Amino acid sequence: FPQAPCRLASASKTKFLPNPGTFTVNDITFGLVNSDILKHMTKQEISRRAQGDKTNRLVRLASHLLSQQCYYPLFPPAKGARVDYQH
Numbered sequence: 008f009p010q011a012p013c014r015l016a017s018a019s020k021t022k023f024l025p026n027p028g029t030f031t032v033n034d035i036t037f038g039l040v041n042s043d044i045l046k047h048m049t050k051q052e053i054s055r056r057a058q059g060d061k062t063n064r065l066v067r068l069a070s071h072l073l074s075q076q077c078y079y080p081l082f083p084p085a086k087g088a089r090v091d092y093q094h
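Each residue of the sequence shown is one higher than the one before, starting from 8 at the first, in my numbering.
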């Protein structure tokens, strides 16, 4: 992580992307990565909900991920994560 796109000769309409990768469909931009960042964030998060707070933990983690605007926002990376910060 990061990885270059696969280099295969193909006559089909297949598009190979790097990891992480970004693509656009109908003016909507998508980003993807093969690392399970939500799992890693779950292990790193320390929080305490207020009494009566009904927010979903995964929704909260996903909102953190979107607000960071980064494919892998944890530093240092989770143990076992293959992340190269040299670039």
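Where a beta carbon is used, it is the ideal one built from N, C-alpha and C, also for glycine. Since we're looking at a predicted model, the values are computed, not measured.
Test item: CB-CB of residue i and residue j under 8 Å
{"i": "G38", "j": "Y78", "result": "yes"}
{"i": "A85", "j": "K50", "result": "yes"}
Contacts around residue i, its chain only, beta-carbon distance under 8 Å, and the 5 residues preceding and following it disregarded
{"i": "L72", "result": "I44, L45, M48, P80"}
Straight-line gap, residue i to residue j (C-alpha atoms, nearest Å)
{"i": "S70", "j": "N63", "result": "11 Å"}
{"i": "F30", "j": "Q10", "result": "16 Å"}
{"i": "C13", "j": "Q76", "result": "25 Å"}
{"i": "R67", "j": "K61", "result": "11 Å"}
{"i": "K22", "j": "V90", "result": "24 Å"}
{"i": "G28", "j": "Q58", "result": "40 Å"}
Own chain residues within Cβ distance below 7 Å of residue i, not counting five before or after
{"i": "N26", "result": "F8, P9, Q10, V40, N41"}
{"i": "P24", "result": "Note that residue 24 is Leu in the sequence shown here, rather than Pro. Cβ within range, chain order: P12, F30."}
Neighbourhood of residue i by C-beta, 6 Å cutoff - its chain only, sequence neighbours within 5 removed
{"i": "I53", "result": "none"}
(message) Please give me, in chain order, every unbroken run of the beta strand (DSSP E) with length at least 3 that falls completely inside the region 8-82.
(response) 28-32, 35-39
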